[in-house]
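Q: Residue numbers (our numbering): 277 to 520. Yeah, the Cβ is synthetic: ideal placement off N, Cα and C, and Gly gets one too. Predicted model only: the values in this text are computed from it and were never measured.
#1: Can you tell me which of 330, 409 and 356 puts its alpha carbon nearest to the alpha carbon of residue 369?
#2: Going straight from the alpha carbon of residue 510 to that of residue 474, what length do you get?
#3: Taking the C-alpha atoms as reference points, what is the distance between residue 333 and residue 489?
#4: For residue 360, collect the residues of the same chain with a Cβ closer than 6 angstroms to its Cβ; drop the 5 residues on either side in sequence, then sort them by chain order.
#5: CB residue 499 to CB residue 432, shorter than 9 angstroms?
#6: Could you give the DSSP three-state label for residue 504: helix, strand or coil?
#7: In the DSSP assignment, what are the bridge partners of residue 496?
#8: Do three or more CB pairs link the stretch 454 to 464 to the stretch 300 to 308 at distances below 8 angstroms?
#9: Can you look up residue 510 in the DSSP assignment and give me helix, strand or coil?
#10: Mind checking residue 289: buried by the 16 CB within 10 Å criterion, or exposed?
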């Protein structure tokens with residue numbers, strides 16, 4: 277059996293196109309480390325019975341020297357479930373869409389309050405008619421030491437609203453110039469009691485400057501008032517090789 281055949285089985289079972297699949301074994305990308313484009317499975321050094329990690333790629337910019345879409349718009353959306361208050365009134369809640377930046381200096385959050393960072397712009401508040409928050413990233417304008425961007429949805433205060441009163445937390449990745457949709461992803465598992473959700477990650481390859489956007493869908497604690505638990509989650513994803 278060859279790597280191509282394994283990817284075809286994954287496509288049939290999970291409906292993930294082969295071109296969007298990255299198969300990792302102990303943090304090693306089997307495609308990048310192979311000596312040939314379609315290697316035999318036995319040559320990849322994966323012992324029988326070992327588990328692989330499937331990374332689903334939403335978009336790649338290509339090497340820094342190649343022409344491709346470099347302005348990316350991340351629309352973070354949700355469906356709010358109407359909630360009846362004690363006084364009998366019905367209201368709908370909102371989520372906080374943010375980008376957590378990991379760079380040489382540690383971390384920086386871009387949200388509706390802190391709306392800008394070099395190369396990143398937050399579009400501002402959501403509304404009842406438009407339950408979404410958007411962030412636009414110009415990958416060419418990011419500081420060179422930025423390695424990861426994590427896009428999250430979270431509640432607004434400790435002990436407040438959880439994701440249980442929302443449905444369909446999603447990210448819609450668009451061309452930042454033409455607004456054409458490149459990929460969309462809706463996280464599974466409605467009715468979550470967590471405060472936050474890491475929807476996707478953009479990671480830069482330090483060798484060629486290529487940016488890869490991948491699905492994540494990891495629940496977390498943390499909110500607008502306290503991003504610390506979210507940073508614990510995203511740093512754990514990096515440390516454990518869960519992002520490319």
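A: In this structure, then:
#1: Taking each of 330, 409 and 356 in turn and checking the Cα distance to residue 369, the smallest one comes out for 356.
#2: The straight-line gap separating the alpha-carbon atoms of residue 510 and residue 474 is approximately 8 angstroms.
#3: Each residue's alpha carbon lies about 6 angstroms from the other.
#4: If we look at residue 360 and ignore the five residues flanking it on each side, its Cβ neighbours are 366.
#5: Contact: yes.
#6: Correct three-state label for residue 504: helix.
#7: For residue 496, DSSP records a beta bridge to 472.
#8: The stretch 454 to 464 is not in contact with the stretch 300 to 308.
#9: If DSSP states are grouped into helix, strand and coil, residue 510 belongs with the helices.
#10: Exposed is the call here.
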